[in-house]
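Data first, discussion second: the structure below is written as structure tokens.
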Amino acid sequence: MPTFRDDMAGSSHDTAAIDFTKTPFAPASTPRKISAVRFSLMSSSEIGRAGVFHVFERNLYQMPQRTPMPNGILDPRMGTTDKRGGECATCRGNMVDCAGHFGYIKLELPVFHIGYFKNIISVLQCVCKNCSRILLNEDDQDMFLKRYRNPRLEITQRRLLYKKLTEKCKRCRTCPHCGDYNGVTKRAGQTLKIVHEKYSKNPALLEEFMKEFETALKYNEQLRASLPKVQDDLNPIRVLGILQRVTSADCELLDIADRPEHLLLTHLPVPPCCIRPSVEMDGVSGSNEDDITMKLIQIIEVNNVLRQGLEKGLAVNNMMENWDFLQIQCAMYINSELPGLSLQYQGPGKPLRGFVQRLKGKQGRFRGNLSGKRVDFSARTVISPDPNLRIDEVGVPIHIAKTMTYPEVVNKHNMVMLRERVRNGMAKHPGANFVKFASGGMQYLKYGDRRKIASELKFGDIVERHLHDGDILLFNRQPSLHKMSIMAHKARIMECRTLRFNECVCTPYNADFDGDEMNIHCPQTEEARAEAMQLMGVQHNLCTPKNGEILIAATQDFLTAAFLLTIKDAFFDRSQFGSLVAYMGDALLSVDLPTPAILKPIELWTGKQVFSVLIRPKASDHIYVNLEVAEKLYNKKDKTMCPDDGYVCIQNSEIISGQLGKATLGSGNKSGLFYVLNIEYGAEAAANAMNRLAKLSARWLGTRGFSIGIDDVSPAAELSAEKGRRIEDGYRTCDERIASYEKGTLPLQAGCNAEETLEAEVLGVLSAVREAAGNACLKALPRRNAPLIMALCGSKGSTINISQMIACVGQQAVGGSRPPDGFAERSLPHFRRGEKTPAAKGFVANSFFSGMRPTEFFFHTMAGREGLVDTAVKTAETGYMSRRLMKALEDLSLQYDGTVRNSMGGIVQLRYGDDGMEPTMMESEDAQPIEFKRCLMNVRGLNSARGEPPATRSALDAALDQFKRNNRIINVDEEGESAETRELVYSAGISQLFYENMRTFIINEVESPSDGVYMSDRQMKAFLDACARKYTEKRIEPGTAVGAIGAQSIGEPGTQMTLKTFHFAGVASMNITLGVPRIKEIINASKNISTPIITASLMSDRDVKAARVVKGRVEKTTLGEICSEINIVVRPHDLYLELMLDMEAINQLQLDVTIHSVRLAVLGAPKLKLKPQHVLIAGENILHVLPSEEALIEKRALFTLQHMRLAIPAVIVQGIPSVGRAVINDKGDGTYNLIVEGVNLQSVMGIEGIKGTETRTNHVMECERTLGIEAARACIIEEIDSTMGAHGMSIDNRHSMLLADVMTYKGEVLGITRFGMAKMKDSVLMLASFEKTTDHLFDAALHGRTDYIDGVSECIIMGIPMPIGTGMFRLQHRAMKLEVDINLGVSQMSRSCER
Amino acid sequence: MFEVIDRDPDGKKFDRVSRYKCRSEFDAELTIDVNVDVYPLTVGQRFSLALAPTLSLDGTPEDDAFDQSGKPSLADGYEYVMYGKCYKKVDENAGGLTRASAYISFGGLLMNLKADPKNLQEIEIDDRIYLLMRAV
């Protein structure tokens, strides 16, 4: 039971503070502050003292009056649940005021507390059942005590120590103190009984014991039958006796903080009524009682029977039966889900909920009520899109705005506004619901004279006004997978019923408008609003910290519109151009009209000019974007002159060339327009451009029109014919292959059998057919085709989708291969048995337009079903994975010294991600801070080199020297650095790596420019300055919750690994587990992974022959493979097994095997157990194995040999047993390496011909075992990155680095599982809110753990601001005596502060 | 003076814009996108082309703003006039012959002129340029 240690908060300063109209937020000004929670056992006397009275009455109500029974379980002295004004009999409070009081039940006989049952047994195993002393001699006691008292002992080690102690005690049979015999103490079967097997192994004692029964036997002969089973029963009374006599010195050894006898129940606390409310039923007499109440009734009932039995005397067996029943009832009171017990004692219907059930699980107290709470000031409704809203706005229905309020304090500036609000009252929109007077009291504005209230409004009064435009709201969509799932928007009150927002913001929420609902929350203080806007504002979250890519950018229709608008032949006359400009800025934007691209014969502006205006409307806007992006259309060679206009080039915000599509305007890249705007000119600029684009696109596309019809997907006659021809060709090729397969003439592919070869070839042919049909159809489509436009600009769909609609749906796959035979030897009964033709195995030749045949349709549904099932399964799996990651990493934050620490102050990383940079702001694709190329482009754009000579190398060197002088370069990995010079403090400085990269780039650009344009001296200097400035801006801020961000960044992509949960990628005909299962293996730190692979490099890596030799050494060779004959030879005086080695085969395989090595291998085989004299070399390649002497004597020698003949071919003569196979991999550059399936890295490294230093495994645990913890860390990073990379997802490797560090910083690889977590964290509350809730609580109570509320979970549970982010520091406010007049200007005020 | 030698060498891509390959008598090569809706050219047609930094007749440089005064200008003597910006200029070395190559974008309609460096030395990156065309 938890007890609270209270600390008085520092007494507030008496000096008069500044008199704010609004009181600023101050942490914990409440009288008491919880600094820690200590868990301990509750003694009987404590239970008695806590209870207000003794509960012994079984009945709930006194029947005629229907009032709660005095001394019953619903006695009003324990508080009341009566809503109609019932009163607590103890404190006279009503239901709201009185939190309730405990009662207690005195149990007539003690019972075991089910939560501590295991601990009781464990303690009994360690102490003498006679004298209650610990079963250790003095020396051992001293040794253990000394180690227990080590102040630096961590909980994990303490647990290990205790385990060691119990092991030692268990083995001790004779008590070193009293000399009594101690047997094995254990639980009796599945019952709640403990037996002490004192007699089974000790005949002398048994005899003595049996004598006790002689008298009984005389009178009851039937006893004799059960006599052999008799054991020493440790019933609760005896246990209580033993535990009471345990000395306190021994308690320390047993790691029990309190007295061990408290582990038994002698008194039972009865919880207050309010936690087990009694609900009276309407109409019918009687009430619905809580499960706890019901259980208490049963307990009291048995207890009363026991009491009467003890007082009056009852049959012993009857007494025992009742005692057992009491034991079980008390156990179920605490935990009703006892294995083996619950069923027989549980009545029909659903099981009653015990206390354990109340606490644990998702809906339990910890996860359901303490870690996640219901909130006020929130709303939820359906969402819909609105491109007319800014991206940082959310449209709120007026109905919500009238219910959700914000408490605004009346001051000089808002007085007029708030008066009007009060006058409007509840019903009219910009109104108010309540007024809270500074003098106390509250006024509901539905009633009363609102005019009067409004006129009497004073400074300091609080008006709970309706939401109005510009209020800050938090907008959220579940599942909240990353921090961008909840962002701060500005409210815009609208006449509507849905929440609305700009479609650009769909991506971070992962929202669509097919009926999705979203929530809004209204922060209620100015501090909360400010913090929300600064940290969670949409504009501050345009980029994801996952990899720094832009997340909020144009989508769908916006892309289509931009694509159509910037096509080369889009021309607009003056009026059209004017209206387009008006579209983008609500006709309010003042614009500098550009000179038209065509002046004569008529003035015509191009679409690209419209876009240039969109990026930079006025010449006075200092926004100069420079970028070059290749779009989907790009022909990969002509750059800007690409005939398809696919190369986007923007110079100084002017679109030079290229039709804008997803790469330029869409999300998920680091080179697009909005990304550049965001990075170079701030989020505001990017957001404004996005707003203009949204308005322009929606309005222009609305007038232009963009739709799709059946004619868009109808193939022309020649296209259908072309497609038919292609498919026929493909079918013919397949038939040929099948025919040759049936004849057995199919040439095999490497590492495959005939069937696999056929499958692979047929699949290849069919996918080529689909591709060809698709390409033919794409070629035939006109440029105006709507689906094609959407595919090309990237707004929706792909070319595959188009060709599926028009030409051919293609091969359907189930589980990665063609549909299996669900019927006997065939996939569907429409086909012949054993048919392997494309149509019979799931190839859909038709298109969605032409319609599928029934069999095709069926195959299509099979593939569709697989996808659905996969999604459902994957959601649950990744959700759990994210939860675990979050729990493990939640409390990591960046400290002011630049280290990453957990809540206990343990260092996880010395410098975040090795360079202390913010992943959100990394510009280059490989997560380096600055994309030099674009930076240079930008510098060039801003500083014209007109008339300046090119920069020289010497000038560059001078500039670099200057750069070095101005910015401290931190040597990240310089050897021989002393501890003092190593930078540990969070301070300015530029990493060596970055400096080198920059140096190489700039030298290259000065000496041989990449695109032929030299840079001037001024440009070069500007570039260096820009680099230095940007680098410092991109440093990560102290307080950042790097752990939480990391966990989200790894967990969120997991949900996107759709349909590929179990995906195999071929590496030289070898498969590797990928996707969610692989990520799970890595973070679980699994001991056994499904595809362990060792990649070994070779000493001579250009020689295939050498590689084959090494391969032979690695792969296991059995004796059977190199024996030409194995015979049993029977001769008159001779009986042996003759093995003849096939020397030719050995030479061919280039094995390193001789007859001697074979003999040793046979001798070493574990199962055969042969002795050296039985294995004889009988020739150059002949080995004789004789039967053993015993076998000869027992005349079963022949059987032995027969047995051996079967077993001996499996003996491994060479190679590593744990290795499956090895494959020589051609790396493509003429070098080879060896890929080994299996484990045992150490052996592989040791094999001759393998470069041990360049050999790695994908098995984290083995890596740790063989190479140590640092190698394991590197392995985790590498594996996570490669798995994510295989799915086309990039993650900043700062995140994987952090995860790897968390998994390894304790010195051993800990999985992100409940077991690993228990070793990483000390906080009881945190562990309890994760998994195994009650186990952790019981354990904590037993060992008297203290939880210093400093982690995230604990703080949430206790309702304390957590020490992360803005909660990391406190502000000290020097209160000064100031005469502040309310009308005093700000300038005067600041002056008086200076004084 | 240029002669059109090819129209849409990579196939017709756009309805209203065609890319023409032209050559002049001074061995200058020109690739240019032209709005064929308002100014169609045919293969073999000859036209004269001028590049000017300003349209004012007296050669006074103009500022960035669009001059809408409608006063008499250089354009009066031509049939097709475009306004754009030089975004790239490189020196190429093809077969021992140094050629300058200027790239100009007229609001997305691109032009590439390869000629003797001397003829192009007045054009620099970021220059605003008028293109004037007249059939001969």
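Top to bottom, those sequences are chains A and B.
Under full-length UniProt numbering, the letters of the first sequence match residues 1 to 1395, in that order.
Under full-length UniProt numbering, the letters of the second sequence match residues 1 to 136, in that order.
Yeah, the Cβ is synthetic: ideal placement off N, Cα and C, and Gly gets one too.
Using three-state DSSP, classify residue i as helix, strand or coil.
i                       : result
residue 855 of chain A  : helix
residue 607 of chain A  : helix
residue 449 of chain A  : coil
residue 1099 of chain A : coil
residue 44 of chain B   : coil
residue 1255 of chain A : strand
residue 619 of chain A  : coil
residue 1231 of chain A : coil
residue 578 of chain A  : helix
residue 1348 of chain A : strand
residue 169 of chain A  : helix
residue 1203 of chain A : helix
residue 1363 of chain A : coil
residue 268 of chain A  : strand
residue 1045 of chain A : helix
Report buried or exposed for residue i, applying the criterion of at least 16 other Cβ atoms within 10 angstroms of its Cβ.
i                       : result
residue 106 of chain B  : buried
residue 1113 of chain A : buried
residue 1230 of chain A : exposed
residue 447 of chain A  : exposed
residue 1268 of chain A : exposed
residue 98 of chain B   : exposed
residue 1309 of chain A : buried
In whole angstroms, give me the CA-to-CA distance for residue i and residue j.
i                       : j                       : result
residue 1055 of chain A : residue 486 of chain A  : 18 Å
residue 1360 of chain A : residue 1367 of chain A : 10 Å
residue 1167 of chain A : residue 1119 of chain A : 14 Å
residue 1098 of chain A : residue 1222 of chain A : 13 Å
residue 84 of chain B   : residue 92 of chain B   : 23 Å
residue 129 of chain A  : residue 898 of chain A  : 56 Å
residue 511 of chain A  : residue 878 of chain A  : 19 Å
residue 1006 of chain A : residue 693 of chain A  : 38 Å
Between residue i and residue j, how many whole angstroms is the CB-CB distance? I'm expecting something under 8 Å.
i                       : j                       : result
residue 236 of chain A  : residue 110 of chain A  : 4 Å
residue 806 of chain A  : residue 777 of chain A  : 5 Å
residue 1233 of chain A : residue 1218 of chain A : The pair is not a contact, with the Cβ atoms about 20 Å apart (cut-off 8 Å).
residue 47 of chain A   : residue 267 of chain A  : 4 Å
residue 504 of chain A  : residue 790 of chain A  : With a Cβ gap of about 18 Å, residue 504 of chain A and residue 790 of chain A do not count as contacting.
residue 1220 of chain A : residue 1238 of chain A : 5 Å
residue 57 of chain B   : residue 30 of chain B   : Contact flag wrong, Cβ pair sits at about 25 Å.
Indicate, with yes or no, if the ligand GDP has a heavy atom lying under 7 Å from the CB of residue i.
i                       : result
residue 1309 of chain A : Looking for the ligand GDP in the displayed structure turns up nothing, as the structure carries no ligands at all.
Mind pulling the chain E residues with CB within less than 8 Å of residue i?
i                      : result
residue 799 of chain A : Among the protein chains in the structure shown, which are A and B, there is no chain E.
Legend entry - Against chain A: residues of the region 94–111 of chain B by CB proximity under 7 Å: 103, 105, 106, 107, 108, 109, 110
Inset, instruction - Give the residues from the region 583–608 of chain A that approach chain B closer than 8 Å (Cβ to any Cβ), ordered along the chain. - result: So the close ones are 592, 593, 594, 595, 596, 597, 598, 599, 600, 601, 602, 604, 605, 606, 607, 608.
Inset, instruction - Mind checking the region 75–87 of chain B against chain A and listing, in chain order, the residues whose C-beta falls within less than 8 Å of any C-beta there? - result: Close to chain A, meaning a Cβ-Cβ distance shorter than 8 Å, are the following residues of the region 75–87 of chain B: 75, 78, 79, 80, 81, 82, 83, 84, 85, 87.
Inset, instruction - Check distances from the C-beta atoms of the region 651–665 of chain A to those of chain B and list, in chain order, the residues that come in under 9 Å. - result: 651, 652, 654, 655, 656, 657, 658, 659
Inset, instruction - With 7 Å as the limit, tell me which residues of the region 113–125 of chain B have their beta carbon closer than that to any beta carbon of chain A; keep them in chain order. - result: Residues 124.
Legend entry - Near-chain B residues of the region 554–580 of chain A (beta-carbon distance less than 8 Å), N- to C-terminal order: Listed in sequence order: 566, 567, 568, 569, 571.
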